[in-house]
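Protein chains in written order, with the working numbering: chain A, 1 to 283; chain B, 284 to 578; chain C, 579 to 863.
One structure is given below, encoded as structure tokens.
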Amino acid sequence: MSTAEMSTTARTGAISIRNVTKIYDPEGVNVLAVDDCSLEIGAGEVCMIVGPSGCGKTTLLNAIAGFHSLTFGEIRLDGEVLCDERRPLASQGADRVVVFQNGALFPWKTLGDNVAYGPMVQGTLSKAEAREKARHMLAEAGLGDVAEKYPGEVSSGMARRAEIVRALINDPKVLLLDEPYRAMDALTKSIMHEALLEMYDRTKVTIFFITHDLEEAIFLGDRAVVMTTRPCRVKTIVNVDIPRPRDYHLLSSEEFRVLVEEAKDAVHEEALKAFEAGERELA
Amino acid sequence: MTGSPVESVSGRRSEPPRGMALFAYRAGRMVRTTGPYLTVLGIGAWLLLWWLFSEVWYLPRFEKMPGPVAVLSDLFARDPFQGISIFTDEYYEHIWVSCRRILFAFCIATGVGVPLGLCMGWSVQFRHYTFPILETLRPIPILAWVPLSILMFRGFEAPVIFLATLASLFVTTLNTMLGVQSIDESYFRAAGCLGSNRWQIFRHVVVPGALPFIFTGLQISIGVAWFSLVAAEMVSGDWGLGYLIVDAYMNNVTVPMVIGMITLGFVGWGTSVLVRIAGNRMMQWRTRALALEGR
Amino acid sequence: MTAVSDMVQGAGVVRKRTRLQRLKDNRKLWRGIAAVVIALVFWEVGSRWDQWFGFTLPFIGLIPPPTDVAVAWMSVLPQPGYWESWYLSFKRVLAGFLVAQLVGIPLGLALAVNRYFREFFFPVFEILRPIPPLAWVPASLIFWPTNEMSIAFVTFLGAFFTIVINVLGGARTIDISLLRAAQSMGATQWDMFWKIVLPGTLPSIFTGAAVGMGITWEVVLAAEMISGGGTQGGGGLGFFIWNSYMGGSLPHIVVGMISIGIAGYVSSSAIRWLGDWAMPWRRLF
Chain A
1 MSTAEMSTTA
11 RTGAISIRNV
21 TKIYDPEGVN
31 VLAVDDCSLE
41 IGAGEVCMIV
51 GPSGCGKTTL
61 LNAIAGFHSL
71 TFGEIRLDGE
81 VLCDERRPLA
91 SQGADRVVVF
101 QNGALFPWKT
111 LGDNVAYGPM
121 VQGTLSKAEA
131 REKARHMLAE
141 AGLGDVAEKY
151 PGEVSSGMAR
161 RAEIVRALIN
171 DPKVLLLDEP
181 YRAMDALTKS
191 IMHEALLEMY
201 DRTKVTIFFI
211 THDLEEAIFL
221 GDRAVVMTTR
231 PCRVKTIVNV
241 DIPRPRDYHL
251 LSSEEFRVLV
261 EEAKDAVHEE
271 ALKAFEAGER
281 ELA
Chain B
284 MTGSPVESVS
294 GRRSEPPRGM
304 ALFAYRAGRM
314 VRTTGPYLTV
324 LGIGAWLLLW
334 WLFSEVWYLP
344 RFEKMPGPVA
354 VLSDLFARDP
364 FQGISIFTDE
374 YYEHIWVSCR
384 RILFAFCIAT
394 GVGVPLGLCM
404 GWSVQFRHYT
414 FPILETLRPI
424 PILAWVPLSI
434 LMFRGFEAPV
444 IFLATLASLF
454 VTTLNTMLGV
464 QSIDESYFRA
474 AGCLGSNRWQ
484 IFRHVVVPGA
494 LPFIFTGLQI
504 SIGVAWFSLV
514 AAEMVSGDWG
524 LGYLIVDAYM
534 NNVTVPMVIG
544 MITLGFVGWG
554 TSVLVRIAGN
564 RMMQWRTRAL
574 ALEGR
Chain C
579 MTAVSDMVQG
589 AGVVRKRTRL
599 QRLKDNRKLW
609 RGIAAVVIAL
619 VFWEVGSRWD
629 QWFGFTLPFI
639 GLIPPPTDVA
649 VAWMSVLPQP
659 GYWESWYLSF
669 KRVLAGFLVA
679 QLVGIPLGLA
689 LAVNRYFREF
699 FFPVFEILRP
709 IPPLAWVPAS
719 LIFWPTNEMS
729 IAFVTFLGAF
739 FTIVINVLGG
749 ARTIDISLLR
759 AAQSMGATQW
769 DMFWKIVLPG
779 TLPSIFTGAA
789 VGMGITWEVV
799 LAAEMISGGG
809 TQGGGGLGFF
819 IWNSYMGGSL
829 PHIVVGMISI
839 GIAGYVSSSA
849 IRWLGDWAMP
859 WRRLF
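Take a look at the structure:
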């Protein structure tokens, strides 16, 4: 685990996924979504999970976050068992915060109140303190002007950034991102990437990032883990030894393209398989 | 797209017009379209036809109906020919009685229906037990309850309020339940992974998330409340607009009947506007986002 | 992990459960049945309270117990008069409903398609719409020569407004890109109307029909109770209820209520079934 060793101090947020299997049972039909999948993610690592749509990546994320149970295997966070066969559903907690595919800022709260929500409900800060801290963190992320606006009033890029701030205000051990930039155009995406990297450089939180965009994976990640199509297993792991901080000039560099090429064949093969299977995506 | 901010030459965003300026801007645009003229023309044509049919040509069947002139002259007469005008106390007594009944019915139905619907939408187990009972009762038309409600609640007031409440209750409860079910799963998950407990999820996700549906339901609910109120007042009543209409019919005076109908239309429309305004107030987040989309 | 590979080979394996097992596992069904049974028991006990315990409970004590209702129902089932009430009510509902559809759907589509027509006609429609249908009953009794015609008219009005509003709303929300796509493939105005506007409006037409059907039953019932009572032997389920009320036969009132509930349920199921049949692409959801 070269990347795990790379992380300097004894930070928290190491995830180990051991022999995880997930079988869905809708309407009496067993569907194997994740099959005997094992992965070690070091503390402070940016781990990118790449795979075709509907391959079961999200299932893995749901098991870590505690939205879905797993069928076999276990998941540990910093050595503590989150879920295993005896307790298949992990408890939901603010140490693992999720940023959702379609965005889940509460549309009925202003961006400021959205960000203040976590500390407020956990009771770690009073309402006023939480608001103050939220305002401060939003300003740090360049969103100070829109703190009083509702999510419906700002661009999707701003909303997504605010959602990441809403996750980070809780000081999570792990940030779980589920294709957060899926619906964005390439230009907005690159701005979002730089903003995320900037936030990562400040916090060094462990990031579990699901995507189907290979370039995104190489650009952001310490490692890009290519998954097979359903059932989901680890196919190959591409180590990205490009130093941080990174910026968009990297996209046109030779080493970046070499890494993308390295992973492309594997991803393409799986995408083709998924396309031919033609199954509807699982929830 | 009137609400979108305009990029001015200097690159700074100029604020969209507000208040009077916005009103003047919209009015200015409106008079340049055909809309207002055709509207006036349409209403005019309708009144003219009604007048010609019933008061000039005395067409068969129409001759018995009061024309617009007869209705309007009576409505605004200090000394109305057929007993009801805007200067008689009786007129306002009828309106007041009906409105009071609607207010009671609507408040009871909302007070019971919204919490019930929220619980039904939120807890699967609770829904499994209560929904079938609701669904067995719902196909029975509200008006079929009239005789039973007269037997159950003595007097004039209680049966009428009961019927209006019952009608609203079904609508409010079902819409609230649908509202909770319509909330995207990811909001529950987001609230969960940010560390909320069950009560906080209810308070911060379930209630505000269901609000749009609740208010749609309340709009329908006040409509059906008026619907059943009129029916109930027509069958058993001593006061109220429904009673006014049926009483006029019984006494062979047609003008108060039409006045009653028009008044019902206005008052019913007014109450539903009130509900809509309340909804927009409580859902600023939605109103503002919709305004940006030019709706 | 031999256990896994034993259980699951490949991506999808059907685990067979018999129909009986599935019925047994259907928690929702059993809970529903339990709830309805408990409600019936409460009703029975509540309304028999004064027989058993000597004093009458408020409200519930004044209505007949379900067993009495069942007995009364059994006694009316063989009577032809009871079935004639069904027939008369159904006839009235269908007549008013069909006429409202025939007038309302074209009108709604016309309002949606032609802006000038909408600006001319819609305000009048909006002025008349908030007047509850039943408020029209006396006026309609004066206007139309027979009772039957005035019932039909009020029934028509009740469904008409809902249908028009739904059709108009549905037709206006059709995705404009569908129309553009058709246009780019050389569709004529007529094609676009039949192939896009009409099918695109179908969901709202059926929503409107379902709501309209409910209102129609309400109106028919009220009209039967208000006008049919007594004169000309109007008949119908509403009259059945009213007659039982006048005759002081409480269980028969409830029998009438349940009958009309079943009738309403049957008609709205028919509309739902028709909707599924007419819109096969919606069955997916």
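Note that CB positions come from ideal geometry on N, CA and C, so glycine has one too.
- For residue 209(A), the secondary structure class from DSSP, reduced to helix, strand or coil, is strand.
- Excluding its 5 nearest sequence neighbours in each direction, residue 182(A) has C-beta neighbours in its own chain below 7 Å: 101, listed in chain order.
- By the neighbour-count definition (other C-beta atoms within 10 Å, threshold 16), residue 679(C) is a buried residue.
- Spanning the alpha carbons of residue 746(C) and residue 707(C) requires a straight line of approximately 14 Å.
- Using a Cβ-Cβ distance cut-off of 8 Å, the region 372-387 of chain B and the region 395-407 of chain B are not in contact, since fewer than three pairs of beta carbons, one from each stretch, lie closer than that value.
- Nearest to residue 212(A) by alpha-carbon distance, out of 220(A), 13(A), 40(A), is 220(A).
- At a cut-off of 8 Å between C-beta atoms, residue 104(A) counts as an interface residue with respect to chain B.
- Membership of residue 792(C) in the alpha helix (DSSP H) is indicated by the continuous run 776-801.
- Residue contact check for residue 518(B) against chain C: a CB pair falls below 8 Å.
- Around the beta-carbon of residue 837(C), 16 or more other beta-carbon atoms lie within 10 Å, marking it buried.
- Remark: fewer than three beta-carbon pairs, one from each stretch, lie closer than 8 Å, so the region 518-527 of chain B and the region 562-571 of chain B are not flagged as touching.
- Neighbours of residue 727(C) across chain B, judged by C-beta separation under 9 Å, do not exist; the nearest C-beta is about 10 Å away.
- By the neighbour-count criterion, in which a residue is buried when 16 or more other Cβ atoms sit within 10 angstroms of its Cβ, residue 718(C) is buried.
- Here residue 33(A) is near residue 232(A), since their CB atoms are less than 8 Å apart.
- Our two residues, residue 411(B) and residue 612(C), have alpha carbons roughly 10 Å apart in a direct line.
- Of the other Cβ atoms in all chains shown, fewer than 16 fall within 10 Å of the Cβ of residue 859(C); this residue is therefore exposed.
- Between the beta-carbon of residue 797(C) and that of residue 740(C) there is about 11 Å, and that puts the pair past the 8 Å contact cut.
- Cβ-Cβ distances below 7 Å link residue 455(B) to 392, 393, 396, 397, 400, 500, 501, 504 in the same chain, with the five nearest sequence neighbours on each side left out; the list follows chain order.
- Only buried fits residue 58(A), as 16 or more other CB atoms lie within 10 angstroms of its CB.
- The region 114-134 of chain A and the region 161-180 of chain A touch, with three or more beta-carbon pairs separated by less than 8 Å.
- Taking a beta-carbon distance threshold of 8 Å, residue 390(B) does not count as an interface residue toward chain A.
- Burial is judged here by how many other beta carbons sit within 10 angstroms of a residue's own beta carbon; residue 327(B) has fewer than 16 and is exposed.
- By the Cβ-count criterion, residue 567(B) is exposed, with fewer than 16 other Cβ atoms from all chains shown falling within 10 Å of its own Cβ.
- Taking the CA atoms as reference points, residue 848(C) sits about 29 Å from residue 709(C).
- Contact check for residue 661(C) against residue 815(C) fails: the beta carbons are separated by 8 Å or more.
- Under the three-pair Cβ rule at 8 Å, the region 308-323 of chain B counts as touching the region 692-705 of chain C.
- DSSP, read as helix, strand or coil, puts residue 77(A) in strand.
- When secondary structure is reduced to three states using DSSP, residue 403(B) falls in the helix class.
- Between residue 418(B) and residue 603(C), the alpha-carbon positions lie close to 22 Å from each other.
- Per DSSP, residue 200(A) has no beta-bridge partner at all.
- Here residue 369(B) carries a coil assignment [DSSP, helix/strand/coil].
- By the neighbour-count definition (other C-beta atoms within 10 Å, threshold 16), residue 316(B) is an exposed residue.
- At a cut-off of 8 Å between beta-carbon atoms, residue 568(B) makes contact with chain A.
- Close CB contacts of residue 714(C) within its chain, under the 8 Å cut and outside five residues either way in sequence, are with 731, 732, 735 (chain order).
- Each residue's CA atom was taken as its position, placing residue 260(A) and residue 125(A) some 44 Å apart.
- Residue 175(A) is positioned such that its CB atom lies closer than 8 Å to that of residue 207(A).
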